[in-house]
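Q: Residue numbers (the working numbering): 16 to 357.
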Amino acid sequence: MHRRCNLRFTLLTKIDLLPPSPSDPKSLVLLPHYHHSGDSAAAMHPSSSSSHPPDHPNPKSPPPPAPAMGYPANHPPPPPSSNAAYFASAAPPPAATNGTAAFAVAYPYPAPPPHSHSHPPPPPPHAYHHHHYPPPPPPHHHPYPPHPPPPTCLRRLLGLVVAAFLLLGAATFIVWLLLRPRVPAFSLASLTLSRVAYSAANSSLSASFDASLLADNPNSKLTVTYFSPLASVSLAPSSPIAVATLPPFAQPPRNTTTLAFRLEVDGAYVGPDDAAPLKGGGVGTMEVQVRLAAVAVFDRGGWRTRRRVMRVMCDGVPVAFRGKNGMEAAFTGPARRCDVVL
Numbered sequence: 016m017h018r019r020c021n022l023r024f025t026l027l028t029k030i031d032l033l034p035p036s037p038s039d040p041k042s043l044v045l046l047p048h049y050h051h052s053g054d055s056a057a058a059m060h061p062s063s064s065s066s067h068p069p070d071h072p073n074p075k076s077p078p079p080p081a082p083a084m085g086y087p088a089n090h091p092p093p094p095p096s097s098n099a100a101y102f103a104s105a106a107p108p109p110a111a112t113n114g115t116a117a118f119a120v121a122y123p124y125p126a127p128p129p130h131s132h133s134h135p136p137p138p139p140p141h142a143y144h145h146h147h148y149p150p151p152p153p154p155h156h157h158p159y160p161p162h163p164p165p166p167t168c169l170r171r172l173l174g175l176v177v178a179a180f181l182l183l184g185a186a187t188f189i190v191w192l193l194l195r196p197r198v199p200a201f202s203l204a205s206l207t208l209s210r211v212a213y214s215a216a217n218s219s220l221s222a223s224f225d226a227s228l229l230a231d232n233p234n235s236k237l238t239v240t241y242f243s244p245l246a247s248v249s250l251a252p253s254s255p256i257a258v259a260t261l262p263p264f265a266q267p268p269r270n271t272t273t274l275a276f277r278l279e280v281d282g283a284y285v286g287p288d289d290a291a292p293l294k295g296g297g298v299g300t301m302e303v304q305v306r307l308a309a310v311a312v313f314d315r316g317g318w319r320t321r322r323r324v325m326r327v328m329c330d331g332v333p334v335a336f337r338g339k340n341g342m343e344a345a346f347t348g349p350a351r352r353c354d355v356v357l
């Protein structure tokens, strides 16, 4: 039957200052004091208990632990403190509940000696230079697209107007593809000068021009209407010497219309180059320009194109004088094709 012993440790009951050792002089170590009774085998058994054993060091206790830190030999030990008596009079700590003894070691840490090495002391904390970097700029992109604003009446109205224009343009383009408007064709059928009178004193000309134009509508589904037609005649390359306004007319699909008109010239100025054939007593030929301008519109039922200006140019028409006194001249030959700009 084992004897029960109670192992109790009294914290800092005695402060033993160990003498300086060869390896670590002036070391301070607190040695624990064990209170036990009986031999060492019974003292180590956790189940044994006895009355308070006499205080004496265990002869078989393990060697004291190494000191926490060492200091140079020239540093004297600190004087005894008054706290030793306080810790000596304190109550012993309670034993552990599992039967083992509580164990603790305290190491006094005296103030460190003055710096004796050659290295300089570290600078104070405020001597360090801390570089403060500015915060990064905020991102410029939006992770999510903004919500579209709610539709308003104005936006709806504008959308309807744009949609109407788009539909109208698409319908016009489709109709244009189906009908394919074509430019009318014009040709000069005849041109006659009568009662020609030239005055060399003031280089003036008086005459009557009778012209006949053929207008051909090549469209099979469209009617062409001509508004405000205006005819003119000139001696190339001078300005017109006679202008006349003609009545409007219309051409049904696949129709050819003859447009006849007379232009009266009364004392119009003629340049020296243009009057050269007239100075010789009406011998030879001269070139005449006949032009027609009008506003043309293509229509079919309720569909109608916008008004466009059409110009018919019959330039360089040769006119030959005939008769004994050169009072008449005429264009001889087949119909002459005219240029049309629409």
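All C-beta atoms, glycine included, are put in the ideal place defined by N, C-alpha and C.
So for P196, helix, strand or coil by DSSP?
A: coil
Q: Look at the alpha carbon of Q304 and the alpha carbon of P199, and state the distance between them as a whole number of angstroms.
A: 20 Å
Q: Going by CA-CA distance only, name the one from F313, D289, S219, G184 that's closest to K236.
A: When only C-alpha atoms are compared, the closest one is F313.
Q: Exposed or buried, what is S214 when buried is set at 16 or more other beta-carbons lying within 10 Å of its beta-carbon?
A: When all chains shown are included, S214 counts as exposed.
Q: Let me know the secondary structure DSSP gives L261 once reduced to three states.
A: coil
Q: Assign T187 to one of three DSSP states: helix, strand, or coil.
A: DSSP, read as helix, strand or coil, puts T187 in helix.
Q: Are there three or more Cβ pairs, one per stretch, closer than 8 Å when the segment 279 to 287 is compared with the segment 215 to 226?
A: Output reads yes: the segment 215 to 226 touches the segment 279 to 287.
Q: Whole angstroms is fine: what's the gap from A308's alpha carbon to V324's?
A: 7 Å
Q: Are at least three pairs of beta-carbons, each pair with one atom in the segment 315 to 329 and one in the segment 256 to 266, less than 8 Å apart?
A: As far as the Cβ criterion goes, the segment 315 to 329 does not touch the segment 256 to 266, which means the pair count is below three.
Q: If you follow the alpha helix (DSSP H) that P292 is part of, which residue opens it and which one closes it?
A: 291 to 294
Q: Excluding five sequence neighbours on each side, which residues of the same chain lie with their C-beta closer than 6 Å to the C-beta of P255?
A: S247, S249
Q: Whole angstroms is fine: what's the gap from D330's alpha carbon to T238's?
A: 27 Å
Q: Using the beta-carbon count (16 or more within 10 Å), is Y148 buried or exposed?
A: exposed
Q: So if DSSP puts M325 in a beta bridge, which residue, or which two residues, is it bridged to?
A: Beta bridge pairing from DSSP links M325 with A309.
Q: Answer with buried or exposed for L193, where buried requires no fewer than 16 other C-beta atoms within 10 angstroms of its C-beta.
A: exposed
Q: Look up N232 in the DSSP assignment and give the residues it is bridged to.
A: Note: N232 sits in a beta bridge opposite N270.
Q: For F224, which option in L206, A212, A216, T272 has the closest C-alpha, if you only look at C-alpha atoms?
A: L206
Q: Return the chain-ordered list of same chain residues with a C-beta closer than 7 Å to the C-beta of C353, the five sequence neighbours on each side being excluded.
A: F201, S202, L203, V327, M328, C329
Q: Output the distance between the C-alpha atoms of E343 and V355, rounded to the nearest integer angstrom.
A: 29 Å
Q: Can you find a CB in chain C that lies within less than 9 Å of the CB of R321?
A: This model lacks chain C altogether; it includes just one protein chain.
Q: Using the three-state DSSP reduction, which class does A142 fall into: helix, strand or coil?
A: Since pLDDT at A142 reaches only 49, below the 50 mark, its modelled position is unreliable, and the value read off the structure follows with that caveat. DSSP, read as helix, strand or coil, puts A142 in helix.
Q: So S254 is in the beta strand (DSSP E); what residue range does that whole segment cover?
A: Segment: none, S254 is in no beta strand (DSSP E) and carries neither H nor E.
Q: Which same chain residues, not among the five before or five after S243, have their C-beta less than 6 Å away from its C-beta?
A: V310.
Q: Here's the rule: buried if 16 or more other CB atoms are within 10 angstroms of the residue's CB, otherwise exposed. What is A185?
A: exposed
Q: Evaluate F336 with the Cβ neighbour count: other Cβ atoms within 10 Å of its Cβ, from every protein chain shown; 16 or more gives buried, anything less gives exposed.
A: buried
Q: Between L208, S209, V334, G286, which lies nearest to G299 when the distance is taken from Cα to Cα?
A: V334
Q: Quick check on DSSP: helix, strand or coil for A88?
A: For A88, the pLDDT reaches just 48, beneath the cut-off of 50, and the residue's location in the model is therefore unreliable, although a value from the coordinates is still provided. Assignment of A88 by DSSP, reduced to helix, strand and coil, places it in the coil class.
Q: Find the nearest neighbour of A345 within the set R171, L208, P196, G174, judged by alpha-carbon distance.
A: Nearest of R171, L208, P196, G174 to A345, Cα basis: L208.
Q: Starting from A345, trace the beta strand (DSSP E) in both directions and tell me its first and last residue.
A: 343 to 345
Q: Quick check on L274: buried or exposed, where buried means 16 or more other Cβ atoms within 10 Å of its Cβ?
A: buried
Q: Which one of P349, H162, P196, R170 has the shortest CA to CA distance from P268?
A: P196
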